[in-house]
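S.K.:
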Amino acid sequence: MNRKLKLIGTAILIATFASTFSACSDTKTDEQARYMRVYGTIYNDGELIVTENAVLSFLQYSDMSTIALCGQSNCDHSKAVTEDGLPCLAYGKQTLPFLYNEKLYWFEDRYETKDGKAVESAVLHSSDPLGTSEKEVCKIEGFSCDWISTSVLKNNTLLFFPYQSAYDEKGAITGDNTNHFGVLDIETGNLPILVQRKTIKQRF
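Following this line, the structure appears as structure tokens:
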């Protein structure tokens with residue numbers, strides 16, 4: 181019989197998926213439950229968390245210790261750049277981080293200028309769990325992913341809700357965002373489904 185997992189705080193949702201992590205039932209199965217929430221993911225033996233200084237870490241429930249997900253030598257994870265001028269590999273990965281098939285995934289909200297206009301993009305990255313061997317999986321131009329966002333991971337398929345920002349004639353964000361529903365293959369970067377969900381008024 182499956183044991184119920186309880187999340188202290190606000191759990192966004194529960195998703196089932198195939199994984200290489202330990203199962204949460206008494207017998208081996210192909211699927212298990214995973215919580216996806218604002219700042220990380222809960223596993224059976226720990227949780228991905230983002231600390232106050234924007235460092236992605238893994239909290240081990242066994243002894244409540246935290247491990248910064250950074251494989252950079254001589255890095256104390258206190259700031260974005262080490263004294264040697266190298267980046268902290270755990271810094272700035274607070275948007276929908278999750279582990280799957282021994283890889284770390286996260287979104288970056290990237291803002292660029294094209295033809296004099298601001299262009300936003302939701303960029304999915306992957307790396308090994310300690311941040312090395314990073315690569316860009318895909319770039320969804322015209323969209324962003326909010327920290328406060330619902331998502332579901334099943335096998336290698338991510339169901340998520342990116343949004344499009346609205347701008348006024350001066351190029352300033354108005355807060356009238358258009359929500360969409362997307363289905364993304366995190367291994368290939370293929371986005372077969374991206375449809376409008378609804379328009380909301382965000383309060384800043």
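Numbering (the numbering used here), first residue to last: 181 to 384. C-beta atoms are modelled at their ideal positions from N, C-alpha and C, and glycine is treated no differently. Everything numeric in this text was worked out from a predicted model, so none of it was measured.
Is it true that the CB of S237 sits closer than 8 Å to the CB of T246?
M.R.: Their beta carbons are under 8 Å apart, which means T246 touches S237 by this criterion.
S.K.: Compute the Euclidean distance between the alpha carbons of A248 and W286, then round it to the nearest angstrom.
M.R.: Cα to Cα, A248 sits roughly 15 Å from W286.
S.K.: Determine the direct distance from the alpha carbon of E292 to that of C255, and round the result to whole angstroms.
M.R.: In a straight line, the C-alpha of C255 is about 30 Å away from that of E292.
S.K.: Report buried or exposed for S242, applying the criterion of at least 16 other Cβ atoms within 10 angstroms of its Cβ.
M.R.: The residue in question, S242, is exposed, as its Cβ has fewer than 16 Cβ neighbours within 10 Å.
S.K.: For H360, I'd like the list of residues in its chain whose CB is within less than 8 Å of its CB, leaving aside the five on either flank, ordered along the chain.
M.R.: These residues qualify, in order along the chain: F323, F341, P342, Y343, Q344, L374, V375, Q376, R377.
S.K.: If the criterion is Cβ atoms closer than 8 Å, does the pair P267 and L284 meet it?
M.R.: It is not a contact, given that the beta carbons lie outside the stated cut-off.
S.K.: With C-beta atoms as the reference, is I320 less than 8 Å away from L371?
M.R.: Yes, these two residues count as a Cβ contact at 8 Å.
S.K.: What beta strand (DSSP E) runs, 3 residues minimum, are completely inside the segment 250 to 337?
M.R.: List check, beta strand (DSSP E) in window: 275 to 280, 283 to 294, 297 to 307, 315 to 321, 331 to 334.
S.K.: Quick one: give me the first and last residue of the beta strand (DSSP E) that V235 is part of.
M.R.: Looking at the DSSP string, V235 is not in any beta strand (DSSP E), and its letter there is neither H nor E.
S.K.: For G226, which residues does DSSP report across the bridge?
M.R.: Q240.
S.K.: Starting from the C-beta of T312, find all residues in its chain whose C-beta is less than 6 Å away, skip the five residues before and the five after it, and write them out in chain order.
M.R.: Here the set comprises G251.
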